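Just below is one structure, and these are the notes that go with it.
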Amino acid sequence: MKLVSKLRARFGRSSGQPEIPDGTIAYAIGDIHGRADLLEDLLSQIVSHSQGAPATRRVIVFLGDYVDRGWQSNAVLERLSNLRLDGFETVFLKGNHEEALLSFLDDPHFLDSWRQYGGLETLHAYGLKDLNFRADDDYLKEVHTSFVKTFPRNQMTFLEGLPSSYELGDYLFVHAGVRPGVPLDQQNERDLRWIRDEFLESRVDFGKRVVHGHCPEEEPQVRPNRIGVDTGAYITGVLTAVVLHSTSVSFLHT
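Numbered by my numbering, the letters in the sequence shown go through residues 31 to 284 in order.
Quick look at the structure:
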């Protein structure tokens with residue numbers, strides 16, 4: 031079991047330190063992007079870590095972007111859509127890449143956009159290989175028809191049912207972030223999955239500390255108002271989870 035770092039800042043609630051409910055430990059996993067191998071490694075670490083944790087409730091939150099870029103998107107979705115871990119609650123959020131996959135399933139012409147951020151790797155994972163992209167209708171419809179026939183129904187059901195956010199204690203879990211100045215209960219779902227600079231550069235108190243992925247960094251980002259856990263797994267080989275227990279923040283990684 032490996033730790034990127036331990037940030038044991040136990041200041042207590044009187045100081046305003048964000049807190050997870052008593053008796054609960056939460057793990058939030060960053061962008062997997064088609065790396066089933068790293069997912070298995072990190073899940074094993076989480077199970078081992080939880081065995082020594084003084085908690086009666088264990089929650090794993092997956093922050094979205096399960097597909098694209100890496101070469102094992104099919105394996106990742108199959109694993110997550112069937113995931114059952116004894117003693118754990120699991121929460122799966124929708125990322126912008128899941129939104130893109132669903133958009134292509136609805137519209138063949140969306141492939142021109144999807145291919146620019148990893149969609150061809152996902153098609154390859156489902157057996158559609160040797161794709162020489164062309165923008166003509168016949169080609170797009172041919173690829174679309176093949177993918178629709180190949181894409182498993184259980185994975186479709188899984189993706190269609192994914193929420194965009196999850197709250198636990200003083201934390202809000204989303205894929206990308208929130209729009210500053212907008213109440214949390216009025217956030218636009220597109221922002222929750224796509225926002226970048228306006229959120230990352232903000233120093234305002236959002237009302238809850240936001241845990242997110244979406245924007246890869248060499249190390250997890252810990253700020254008073256947010257925690258970013260996307261460490262670019264598909265290219266770095268480092269898949270990260272933040273561990274939240276009481277007011278403690280720590281990290282596990284592959």
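All C-beta atoms, glycine included, are put in the ideal place defined by N, C-alpha and C.
Please read these numbers as outputs of a predicted model, since none were measured by experiment.
Please name the residue in 171, 239 and 270 whose C-alpha comes closest to that of residue 249. The sequence position of residue 249 within the sequence shown is 219, counting from 1. That would be 270, whose Cα lies nearest to the Cα of residue 249.
Would a C-beta distance cut-off of 9 angstroms place residue 25 and residue 139 closer than the cut-off? Beyond the ends of the chain as shown, which are 31 and 284, falls residue 25; an answer cannot be given.
Which same chain residues, not among the five before or five after residue 55, have their C-beta less than 6 angstroms away from its C-beta? One-based indexing of the sequence shown puts residue 55 at position 25. Once the five neighbours on either side are set aside, the close Cβ partners of residue 55 are 83, 85, 88 and 275.
Own chain residues within Cβ distance below 8 angstroms of residue 161, not counting five before or after: The residue labelled residue 161 in the question sits at position 131 within the sequence shown. Taken in chain order, the residues that qualify are 150, 153, 154 and 173.
Go ahead and label residue 147 buried or exposed: buried means 16 or more other beta carbons lie within 10 angstroms of its beta carbon, across all protein chains shown. Here residue 147 is taken as the residue at index 117 of the sequence shown, counted from 1. It counts as exposed.
Under a Cβ-count criterion, where at least 16 other Cβ atoms within 10 Å of its own Cβ denotes burial, should residue 134 be classed as buried or exposed? Stepping through the sequence shown from its first residue, residue 134 is reached at position 104. That one is buried.
Under three-state DSSP, which class holds residue 58? For the purposes of this step, residue 58 is taken as residue 28 along the sequence shown, with counting starting at 1. Three-state DSSP puts residue 58 in a strand.
Under a three-way DSSP split, which group does residue 93 fall into? As a first step, residue 93 is located in the sequence shown; it is residue number 63 there, counting from the start. In this structure, residue 93 counts as coil in the three-state DSSP scheme.
Can you look up residue 149 in the DSSP assignment and give me helix, strand or coil? Looking up residue 149 in the sequence shown gives position 119. Residue state, collapsed to three classes: helix.
What number of angstroms, rounded off, separates the C-alpha of residue 234 from the C-alpha of residue 163? In the sequence shown, counting from the first residue as 1, residue 234 sits at position 204. In the sequence shown, counting from the first residue as 1, residue 163 sits at position 133. Their Cα atoms are separated by approximately 44 angstroms.
Tell me the DSSP secondary structure of residue 176 in three-state form. Taking the sequence shown and counting its residues from 1, one reaches residue 176 at position 146. DSSP, reduced to helix, strand and coil, places residue 176 within a helical segment of the structure shown.
Taking only runs of the alpha helix (DSSP H) that begin and end inside the segment 96–137, which ones reach a length of at least 4 residues, in chain order? 103–111 and 126–136
Quick check: does the Cβ of residue 236 come within less than 8 angstroms of any heavy atom belonging to the ligand NAP? Within the structure as shown, the ligand NAP is missing, as the structure has no ligands at all.
Under DSSP, the alpha helix (DSSP H) around residue 274 begins and ends at which residues? As a first step, residue 274 is located in the sequence shown; it is residue number 244 there, counting from the start. Per DSSP, residue 274 belongs to no alpha helix (DSSP H); it is in the beta strand (DSSP E), 270–275.
Please list, in chain order, all residues of the same chain as residue 251 whose beta carbon is under 6 angstroms from its beta carbon, the five residues on each side excluded. What you label residue 251 is simply residue 221 of the sequence shown in a count that begins at 1. Contacts found: 258.
For residue 192, which of helix, strand or coil comes out of DSSP? Locating residue 192 in the sequence shown gives position 162, where the first residue counts as 1. Residue 192 falls in the coil class under three-state DSSP.
What number of angstroms, rounded off, separates the C-alpha of residue 57 from the C-alpha of residue 193? Your numbering for residue 57 matches position 27 in the sequence shown. Your numbering for residue 193 matches position 163 in the sequence shown. Roughly 17 angstroms between the two C-alpha positions.
Presumed contact (8 angstroms Cβ cut-off) between residue 188 and residue 111, rounded CB distance: Looking up residue 188 in the sequence shown gives position 158. Looking up residue 111 in the sequence shown gives position 81. About 4 angstroms separates the CB atoms of residue 188 and residue 111; that is less than 8 angstroms, so the two are in contact.
Contacting residues, own chain, Cβ-Cβ under 7 angstroms from residue 142 (five flanking each side not counted): Counting from one through the sequence shown, the residue named residue 142 turns up at place 112. So the list reads 165, once near-sequence residues are dropped.
Pick helix, strand or coil for residue 257, following the three-state DSSP scheme. Working through the sequence shown from its first residue, we reach residue 257 at position 227. Correct three-state label for residue 257: strand.
Going by the beta-carbon positions, is the gap between residue 207 and residue 226 smaller than 9 angstroms? Position 177 of the sequence shown holds residue 207. Position 196 of the sequence shown holds residue 226. It is a contact, given that the beta carbons lie within the stated cut-off.
Specify the secondary structure class of residue 143 as computed by DSSP and reduced to three states. One-based indexing of the sequence shown puts residue 143 at position 113. When secondary structure is reduced to three states using DSSP, residue 143 falls in the helix class.
Residue 61 versus residue 182 - alpha carbon distance: Mapped onto the sequence shown, residue 61 falls at position 31. Mapped onto the sequence shown, residue 182 falls at position 152. The straight-line gap from Cα to Cα measures roughly 22 angstroms.
Buried or exposed (CB count within 10 angstroms, at least 16 for buried), residue 284: The residue given as residue 284 occupies position 254 in the sequence shown. Classification of residue 284: buried, given that the 10 Å Cβ count is 16 or more.
Looking at the secondary structure, which residues open and close the alpha helix (DSSP H) in which residue 79 lies? Against the sequence shown, residue 79 aligns to sequence position 49. Residues 66–81.
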